[in-house]
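What follows is a single structure, written as structure tokens, with notes after it.
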Amino acid sequence: MIDMKNMHIPLPIQWYEKLSEISKERNTSATELVRNAVIQFLKEEEKKKVALAIEEFAIEFGGTDFDLDNELEEAGLESLRKV
Numbered sequence: 000m001i002d003m004k005n006m007h008i009p010l011p012i013q014w015y016e017k018l019s020e021i022s023k024e025r026n027t028s029a030t031e032l033v034r035n036a037v038i039q040f041l042k043e044e045e046k047k048k049v050a051l052a053i054e055e056f057a058i059e060f061g062g063t064d065f066d067l068d069n070e071l072e073e074a075g076l077e078s079l080r081k082v
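Numbering (numbering that gives the first Met the number 0), first residue to last: 0 to 82.
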């Protein structure tokens, strides 16, 4: 089982009520909805961080000996399009 830590998140009452309503509609817990939303947010942030690092590398090293050859570059772009 994955190790977990609990977190207390105060919400304005209208958002708490909306979350409770949605959790009932989906037959799941509010905790599960929030956990999934946070995990999705963190995954998106990680993707942004990786994309920024790639962009910075490309700006700094484009056209140098560290630049990719055309075939490898196209393969990389193709794999990014699938993400």
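Heads up, the beta-carbon is just placed ideally off N, CA and C, and yes, glycines get one too. Keep in mind it's a predicted model, so treat the numbers as computed, not measured.
Endpoints, alpha helix (DSSP H) assigned at residue i
| i | result |
| --- | --- |
| Ser78 | 69 to 80 |
| Ser19 | 12 to 24 |
| Lys47 | 29 to 60 |
Residues near residue i by beta carbon distance below 8 Å, same chain, minus five either side
| i | result |
| --- | --- |
| Phe60 | Asp66 |
| Leu32 | Leu18, Ile21, Ser22, Arg25 |
Alpha-carbon to alpha-carbon, residue j and residue i
| i | j | result |
| --- | --- | --- |
| Glu16 | Ile53 | 41 Å |
| Phe56 | Asp64 | 13 Å |
| Asn69 | Gly75 | 10 Å |
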